[in-house]
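Chemist:
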Ligand code: 13P
Ligand code: SF4
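Numbering (the numbering used here), first residue to last: 14 to 340.
(1) Return the CA-CA distance between residue 149 and residue 141, expressed in angstroms with no decimal places.
(2) Using three-state DSSP, classify residue 217 as helix, strand or coil.
(3) List the endpoints of the continuous beta strand (DSSP E) containing residue 255.
(4) Does the distance from the C-beta atom of residue 44 to that of residue 298 stay below 8 Å?
(5) State yes or no: is the C-beta of residue 65 nearer than 7 Å to some heavy atom of the ligand 13P?
(6) Throw me the rounded Cβ distance for the residue 255 and residue 222 pair, which I believe falls under 8 Å.
(7) Under 8 Å, do residue 133 and residue 183 count as touching if we go by C-beta distance?
(8) Return the first residue and the last residue of the beta strand (DSSP E) that residue 48 is part of.
(9) Please name the residue or residues paired with residue 170 in a DSSP beta bridge.
(10) Which residues bound the beta strand (DSSP E) around residue 152?
(11) Grouping DSSP H, G and I as helix and E and B as strand, with all else coil, what is residue 14?
(12) When a residue counts only if its C-beta is closer than 7 Å to some heavy atom of the ligand SF4, which residues count, in chain order?
(13) Is residue 157 close to chain B, meaning its C-beta is less than 8 Å from at least one C-beta of that chain?
(14) Report buried or exposed for residue 123, applying the criterion of at least 16 other Cβ atoms within 10 angstroms of its Cβ.
(15) Looking at C-beta atoms only, is the number of pairs between the stretch 104-112 and the stretch 306-313 that lie closer than 8 Å three or more?
(16) Using 10 angstroms around the beta-carbon of residue 228, count the other beta-carbons present and answer buried if the total reaches 16, otherwise exposed.
(17) Just reading off the beta strand (DSSP E) that residue 275 is part of, what are its end residues?
(18) Would you grab the beta carbon distance between residue 199 and residue 260 for me? Rounded to a whole angstrom, and I think it's under 8 Å.
(19) Excluding the 5 residues flanking residue 172 on each side, which residues of the same chain have their C-beta closer than 6 Å to its C-beta?
(20) Measure the alpha-carbon distance for residue 326 versus residue 77 and round it to whole angstroms.
(21) Return the bridge partner residues of residue 82 from the DSSP annotation.
(22) Would a C-beta distance cut-off of 8 Å place residue 114 and residue 97 closer than the cut-off?
(23) Where do the ends of the alpha helix (DSSP H) carrying residue 126 lie?
(24) I believe residue 262 touches residue 50 by the beta-carbon criterion, under 8 Å. Please report the beta-carbon distance rounded to the nearest angstrom.
(25) Identify the residues that DSSP records as bridge partners of residue 227: which are they?
(26) Could you tell me the alpha carbon to alpha carbon distance between residue 251 and residue 316, rounded to whole angstroms?
(27) Who are the near neighbours of residue 15 in its chain, counting only those whose CB is closer than 8 Å to its CB and skipping five residues on each side?
(28) Which residue marks the beginning of the beta strand (DSSP E) containing residue 63, and which one marks its end?
(29) The ligand 13P heavy atoms versus the CB of residue 49: any closer than 7 Å?
(30) Going by the CB atoms, is the gap between residue 319 and residue 92 shorter than 8 Å?
(31) Give a single yes or no on whether residue 223 has its beta carbon closer than 7 Å to a heavy atom of the ligand 13P.
(32) Got a sec? Which residues, its chain only, sit under 8 Å from residue 209 by beta carbon, not counting five neighbours each side?
(33) Determine which residues share a DSSP beta bridge with residue 313 and list them.
(34) By DSSP's criteria, residue 203 is part of a beta bridge. Which residues make up the other side?
(35) Looking at C-alpha atoms only, which residue of 293, 271, 144 and 220 is the closest neighbour of residue 88?
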């Protein structure tokens, strides 16, 4: 049996009746579907908006819909609920977590903060609502440099939970920071040897990477950025071939944006079958779970109001800083 399906086989596998049902339920219930770039292609195509963590939180804050169906992972849906408490926020699979968010429990976080008193706490958006509630700033990969640079030079910084993004930020901003020892299981799996070998076969390809990747991977990258920035880069750049080091789901929107360019997923260590890296958490969502979720209006994201009110402050600080960048 084959390990992978061709695009035509994938289209034949899609249950178009369920897709139609999803679209009519969405209209009936005044729901909006927000999807991250790492969702499977058909979910991205059913969504009203596809984006990176920052874009999606902005959309969640601005929507007029009564229901937000968040096709992404738990911390993203929680952020939507924090910003839009009056909306019903649903997620197709409540177990769609994130290795970074899971690496940082509230108890361990409190211990870390106690061991490092007097610091400004900057948490990556890939963390739980409880952690956000105890942070001074939240950042995403697209605004992290700006967030760090906004903090007065005499303040000491604790950055969590991604040590790879943290080390990248130290290199970019020159700010020393104490880092939590967490990493993304997908971005940590890229193999430098395999990437270099692939590059020998495609010497004209540019290598682009998400900043959650390890230092030795970022060192050889021609461009580093959030998922949205990676897509914008291939759109604006004049090369025709790219090796892409982030979750393979991004290739769907990227290829739509540059239909004539060649996009090659960066290979991972253990990956001898499909040469792509997939986030098991993101891929827990499926079209049938999306349908059930809209139909039954469950599973729903709930957050204690006291936690939400605390968590919204550092998120709003981040959104205000990102707004300044747009103006
Ligand atoms: P972006 O904010 O760049 O979309 O990243 C989210 C994420 O989880 C990357 O692994
Ligand atoms: Fe979390 Fe990594 Fe999956 Fe992104 S790709 S959601 S950081 S586990």
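Virtual Cβ for every residue (Gly too), placed ideally from N, Cα, C.
Modeler: In this structure, then:
(1) 14 Å
(2) coil
(3) First-last of the beta strand (DSSP E) with residue 255: 254-258.
(4) no
(5) Yes, Cβ of residue 65 sits closer than 7 Å to a heavy atom of the ligand 13P.
(6) At roughly 11 Å, the Cβ-Cβ gap does not stay under 8 Å, so residue 255 and residue 222 are not in contact.
(7) no
(8) Its beta strand (DSSP E) spans residues 44-49.
(9) 133 and 190
(10) From DSSP, the beta strand (DSSP E) with residue 152 extends over 150-152.
(11) Only weak support is given to the placement of residue 14: the predicted model assigns it a pLDDT of 39, under 50, and the question is left unresolved by the model.
(12) 51, 86, 111, 112, 113, 114, 139, 197, 198, 199, 200, 225, 260, 292, 294 and 295
(13) Note that chain B does not occur in the displayed structure, where there is just one protein chain.
(14) By the neighbour-count definition (other C-beta atoms within 10 Å, threshold 16), residue 123 is an exposed residue.
(15) Taking a cut-off of 8 Å for Cβ pairs, the stretch 104-112 and the stretch 306-313 touch, as three or more such pairs fall below it.
(16) exposed
(17) Unbroken beta strand (DSSP E) run through residue 275: 275-278.
(18) 5 Å
(19) 135, 179, 190 and 192
(20) 22 Å
(21) 46 and 103
(22) no
(23) 119-128
(24) 6 Å
(25) According to DSSP, residue 227 bridges with nothing at all.
(26) 46 Å
(27) With a pLDDT of 46 at residue 15, under the threshold of 50, the modelled position of this residue cannot be trusted; read the value that follows with caution. Taken in chain order, the list of residues that qualify is empty.
(28) 62-64
(29) Yes, Cβ of residue 49 sits closer than 7 Å to a heavy atom of the ligand 13P.
(30) Going by C-beta atoms, residue 92 is not nearer than 8 Å to residue 319.
(31) Yes.
(32) 233
(33) 103
(34) Residue 203 pairs with 281.
(35) 144
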